[in-house]
Structure formats: C-alpha cells, structure tokens
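Chemist:
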Amino acid sequence: MESVIKISWRGDQGEIMRAIESVKPDDSDSFTIEYAKAESDFLATITIKSNSLSSAKATADDILACLGAASVAADLLND
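Residue numbers for the sequence shown follow the numbering used here, beginning at 8 and rising by one.
Pasting the structure below:
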C-alpha cells in the first residue's frame, strides 16, 4: 500500500523558494514539489510518496527539519 503525505506552505515566495532549495538535493526521488500563485498568495506543496507510512513519515520529518532550519537562518540574516 502506498502512503502519501502532503506538506503545504503559503507565504512569501522568496522565503519559500530559498527554503525549498535547501531540501531539493536531499532525496528528490521520494518527493515532488509543486508551486501555485494566486493574486498575492504563493503556495508550495511537497508530496511525499512511499511504500510504507514509516518511510514517508521519516522523509517528511527530514524535509520539515530542513525547511525549519532554512527559515530560521533566513530570519537571522534578515535581522
């Protein structure tokens, strides 16, 4: 059975794109990234697919940790 986890992030396009660039090299075979823009909103959706829920969760945890670290680093650089 395939497991799917989706992570959606809405916000500033520049911040989102920089943070996602830090995730892309990680293991891009296990997830896809889609972008959407509507008026002033920017949305990135990361879809993780795996043969097991535990593997999908581990990948999601890794991605969220990378996104969190990139976001904190960006905040520090902007201050």
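The beta carbon of each residue, even a glycine, is placed where N, CA and C say it ideally should be.
#1: Along the chain, where does the alpha helix (DSSP H) that runs through E9 open and close?
#2: Applying the 10 Å Cβ sphere with the 16-neighbour rule, what's the burial state of V79?
#3: Do you know whose CA, among A77, L83, K13 and L84, lies nearest R25's CA?
#4: Enumerated in chain order, which unbroken segments of the beta strand (DSSP E) with a length of 3 residues or greater are wholly contained in the region 47-73?
#5: Count the other C-beta atoms from every protein chain shown that fall within 10 angstroms of the C-beta of L74, then say buried if there are 16 or more, exposed otherwise.
Modeler: Reading from the atomic positions:
#1: Walking along the sequence shown from the start, residue 9 turns up at place 2. Taken as a continuous stretch (DSSP letters only), E9 belongs to no alpha helix (DSSP H), as it is neither H nor E.
#2: As a working mapping, residue 79 is identified with position 72 in the sequence shown. Looking at its Cβ environment, which holds fewer than 16 other Cβ atoms inside 10 Å, V79 is exposed.
#3: As a working note, residue 25 is residue 18 in the sequence shown. It is A77 whose Cα lies nearest to the Cα of R25.
#4: 48-57
#5: In the sequence shown, the residue the question calls residue 74 occupies position 67. L74 should be labelled buried.
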